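S.K.: Mind having a look at this structure? Questions to follow.
Residue numbers (the UniProt record's numbering): 1 to 89.
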């Protein structure tokens, strides 16, 4: 058996929060407050117009140790056109 690296989570309790109605700068402040309160993770859904991957990147850039998770990320919103279709555009 090989030794696996351990992952150090700041806390075992996280927060589920939909930031859809919040401007991103204000949402980052909320993520920072969640981290300051001692929560270890933030789980976000993808609803409406905000992309869960983009939100995750912004929240990770704005916090120090917060672990991010996407509860829902719509795979159908991430299709890429075929090279032929993209070239014609």
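Note that CB positions come from ideal geometry on N, CA and C, so glycine has one too. Values in this document were obtained by computation on a predicted structure and should not be read as measured data.
1) Using 10 angstroms around the beta-carbon of residue 52, count the other beta-carbons present and answer buried if the total reaches 16, otherwise exposed.
2) From the DSSP output, which residues share a beta bridge with residue 43?
3) Let me check understanding here. Comparing Cα to Cα, which of 58, 72 and 27 lies closest to residue 45?
4) On the CB-based measure, 16 or more other CB atoms within 10 Å of its CB, does residue 50 come out buried or exposed?
5) Buried or exposed: residue 29, going by 16 or more other Cβ atoms within 10 Å of its Cβ?
6) Do residue 58 and residue 41 have their C-beta atoms within less than 8 angstroms of each other?
7) Apart from the five residues just before and just after residue 15, which ones in its own chain have a Cβ nearer than 8 angstroms to its Cβ?
8) In or out: residue 117 buried (at least 16 other Cβ within 10 Å) or exposed?
M.R.: Based on what the coordinates show:
1) buried
2) 16 and 69
3) 72
4) buried
5) exposed
6) no
7) 34, 39, 41, 42 and 43
8) Residue 117 is absent from the model: the chain starts at 1 and stops at 89.
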